[in-house]
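One structure below.
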Amino acid sequence: MEKYLNIDHVSIDFPTPNGPFRALDDVSLKINKGEFVSIIGHSGCGKSTVMNIVGGLYQATQGGVILEGKEVNEPGPDRAIVFQNHSLFPWLTAYENVELAVKSIFKGKKSAAEMKDWINHNIELVHMSHAKDKLPAELSGGMKQRIGIARALAMEPKVLLMDEPFGALDALTRAHLQDSLMEIQADLNNTVIMITHDVDEAVLLSDKIVMMTNGPAATIGEVLEVDLPRPRQRLELSDDPKYNHFRSEVIHFLHERHARKVA
Amino acid sequence: MKDKIIQFLELTGFTWFVPLVKLATGDSPKRQLQELAKMVGIPLLAIVIFLGLWHVGAAKVVTSLGQVPGPVQVYEQATILVDEHYQERAKEAQFHERQEIRNAKKLEKNPDAVIKVRAYTGKETYFDQILTSLWTVFVGFFIASLIAIPIGIISGLSNTLYSALNPLIQIFKPISPLAWLPIVTMVVSAVYVSKDPLFAKAFVTSAITVTLCSLWPTLINTAVGVSSIDRDLINVGRVLRLNYLTTVFKIVIPSSIPMIFTGLRISLGIGWMVLIAAEMLAQNPGLGKFVWDEFQNGSSSSLGRIMVAVLTIGILGFMLDRIMLTMQKFFSYDKNAVIR
Chain W
865 MEKYLNIDHV
875 SIDFPTPNGP
885 FRALDDVSLK
895 INKGEFVSII
905 GHSGCGKSTV
915 MNIVGGLYQA
925 TQGGVILEGK
935 EVNEPGPDRA
945 IVFQNHSLFP
955 WLTAYENVEL
965 AVKSIFKGKK
975 SAAEMKDWIN
985 HNIELVHMSH
995 AKDKLPAELS
1005 GGMKQRIGIA
1015 RALAMEPKVL
1025 LMDEPFGALD
1035 ALTRAHLQDS
1045 LMEIQADLNN
1055 TVIMITHDVD
1065 EAVLLSDKIV
1075 MMTNGPAATI
1085 GEVLEVDLPR
1095 PRQRLELSDD
1105 PKYNHFRSEV
1115 IHFLHERHAR
1125 KVA
Chain V
87 MKDKIIQFLE
97 LTGFTWFVPL
107 VKLATGDSPK
117 RQLQELAKMV
127 GIPLLAIVIF
137 LGLWHVGAAK
147 VVTSLGQVPG
157 PVQVYEQATI
167 LVDEHYQERA
177 KEAQFHERQE
187 IRNAKKLEKN
197 PDAVIKVRAY
207 TGKETYFDQI
217 LTSLWTVFVG
227 FFIASLIAIP
237 IGIISGLSNT
247 LYSALNPLIQ
257 IFKPISPLAW
267 LPIVTMVVSA
277 VYVSKDPLFA
287 KAFVTSAITV
297 TLCSLWPTLI
307 NTAVGVSSID
317 RDLINVGRVL
327 RLNYLTTVFK
337 IVIPSSIPMI
347 FTGLRISLGI
357 GWMVLIAAEM
367 LAQNPGLGKF
377 VWDEFQNGSS
387 SSLGRIMVAV
397 LTIGILGFML
407 DRIMLTMQKF
417 FSYDKNAVIR
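Going down the list, the sequences are from chains W and V.
The first sequence begins at 865 in my numbering and counts up by one.
The second sequence begins at 87 in my numbering and counts up by one.
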């Protein structure tokens, strides 16, 4: 079967004064449509680099990324990115932030009224309608990230890329947003690649967990299929032996086989 | 209503008046009076002490033009300047009246007579000179901003261009207006030749000198503001595939607006300082020329009149800075930032 997204033997070198530095070495990953994939690894292992290559922000030195039979060479709205630090425009309100994205993508394809409905629909999806006219500075970290997600979803991406989307949030807010994300995912069935360093988050949300070895020349160590039934409930899962099995698999990978020598 | 007034006063930097407004609307009088004493009382006391020291100190220095004037004499000269203004305006009105009557009589005798309307050619009053100075600095500053902001944006976006321009900026930035002036004067005399010039040469020379000196802070601040934009914001633009111009207008300019205004504010301050020197040498009929003429005049009231001009320059400079500060606050998206 032809895969939806194919990361094919990707390597990347960054130029340094002492010659090229190989950050990723021969990363290959195939992702099906509607699959939720997490990439987990220690910090500095190049997981964000993988995402930036799929996003088109970086160019692979060798190999390439193929999405729906087409090679990815530059950034585009079909691969919307949710950044770790929300990256909302601070001078625009929540609504206007989503509007900027929608207007630049659907110009000429949707009427003004359709665009307005679409913006409001996506803001509603992340439960932010009550605060859509506030500036980012007036929103909490979790709310900002919700708007960041709404903006990405509003682009109708083929693949949604999330770079440690909840990394900067406190544990309770994070749990809240994870639940929201699962709810949205059940609805839209997007193809998602999420970078994370949180084991629970990876197991709870993913269909597939990609574990990366440490850099330099990082590559994929193991891929874990998480076949827990959906919808998943945080509380029920915490006592589920299968869930705990997946969890310990990831922990063993990260802290036994590929423990970082220097923290 | 009350909140709106207070908000406006805070935006414009006139926080002194906030307790007054609260007092007028009957908001806990005792606390407002304490606030008022703190905010107005202390600066007022400092001004009184300054005036006292000035009064005592000035009396001890005797120059060839007589005693250095104290606050009282300066105040007298200020009122004289105001009176002169009204007298001159009255003369002007009389002149126009006489002319109209004369022309009307002429037309009465002979309806085909060619009548002449002459403009009044009396000397400028102090207020005319203030307006000339403000207009000159505005034109110079406006041209400078028009050049500096676009160049700043482009060089902030391109490292190559920035390294190309940086040495030039660093060399031209510290040049005094007095060094530019002879060159500007000669170039303007050579290039700006017209039988019926729209602007006087002295005006053009002064304005261009202001431009040359007030260009740099805006340019540097804009470039720094643009180059320090959050990379992620630019990446959002790349994901949306915004073209160069849209990126500049939707992302680059809005996010560097606070820095641009910081630069503009410094530029206007420098422009105002430079202008007085330029006007002295270029003989542009503004405050600088006023000071120079009084200095050459050398009457017993000259020093007092110069001091009126000095204070006027200071107060106007302060007001210009306040206007820029208000605009800076108004355009800044981070309303919580402390801008002084």
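Built from N, CA and C at the ideal position, the CB exists for glycine as well.
Treat the numbers as computed from the prediction; the structure is a model and nothing was measured.
| query | result |
| --- | --- |
| Beta carbon proximity, V/Lys336 to chain W, threshold 9 Å | yes |
| Where W/Met992 sits in the DSSP three-state scheme | coil |
| Status (buried if at least 16 other CB within 10 Å, exposed otherwise) for W/Ala887 | buried |
| Contacting residues, own chain, Cβ-Cβ under 7 Å from W/Met865 (five flanking each side not counted) | At W/Met865 the pLDDT is 45, less than 50, meaning the model places this residue with poor confidence; the figure from the coordinates comes in the next sentence. Excluding sequence neighbours, W/Met865 sits near nothing in its chain. |
| Chain V contact for W/Trp955 (CB, 9 Å cutoff) | yes |
| V/Leu130 classed as buried or exposed, judged by whether at least 16 other C-beta atoms fall within 10 angstroms | exposed |
| Closer than 8 Å at the beta carbon, the chain V residues around W/Leu999 | Tyr419 |
| Residues bridged to V/Asp214 (per DSSP) | None, per the DSSP bridge assignment. |
| Chain-order list of residues whose beta-carbon lies under 8 Å from that of W/Asn961 (same chain, five-residue window excluded) | Leu952, Phe953, Pro1000, Ile1011 and Arg1015 |
| Neighbourhood of V/Val107 by C-beta, 8 Å cutoff - its chain only, sequence neighbours within 5 removed | Lys88, Ile91, Ile92 and Leu95 |
| Segment limits, beta strand (DSSP E) that includes W/Ser892 | Gly883 to Ile895 |
| Segment limits, alpha helix (DSSP H) that includes V/Ile337 | No alpha helix (DSSP H) holds V/Ile337; DSSP gives it neither H nor E. |
| Contact list for W/Pro941 against chain V, beta-carbon separation under 9 Å | Val325, Leu326 and Arg327 |
| Coil, strand or helix - W/Lys1022 by DSSP | coil |
| Neighbour-count burial assignment, V/Arg408, 16 or more Cβ in a 10 Å radius | exposed |
| Segment contact, 8 Å Cβ cut-off, at least three pairs: the stretch 233–247 of chain V with the stretch 305–312 of chain V | yes |
| CB contact below 9 Å: V/Asp316 versus chain W | yes |
| Where V/Lys191 sits in the DSSP three-state scheme | helix |
| Beta-carbon gap between W/Val1074 and W/Ile917 smaller than 9 Å | no |
| Straight-line Cα distance separating V/Ile392 from V/Phe136 | 19 Å |
| Cβ of W/Asn949 within 9 Å of any chain V Cβ | yes |
| Beta-carbon spacing of V/Ser150, V/Thr222 below 9 Å | no |
| Coarse secondary structure for V/Phe224, derived from DSSP in three states | helix |
| Classification of W/Ile1084 by the beta-carbon crowding that lies within 10 angstroms, buried from 16 upward | buried |
| The alpha helix (DSSP H) enclosing V/Met410, as first and last residue numbers | Ser388 to Phe417 |
| Within 9 Å, strictly: CB atoms of V/Pro283 and V/Gly349 | no |
| Secondary structure of W/Gly1085, DSSP reduced to three states | strand |
| Under the three-state DSSP convention, the category W/Ser875 falls into | strand |
| Residues of its chain near V/Gln163, where Cβ-Cβ distance is below 8 Å and the 5 sequence neighbours each way are ignored | Pro155, Ser387, Gly390, Arg391, Met393 and Val394 |
| Contact residues within the stretch 292–320 of chain V, judged by C-beta distance below 8 Å to chain W | Asp316, Asp318 and Leu319 |
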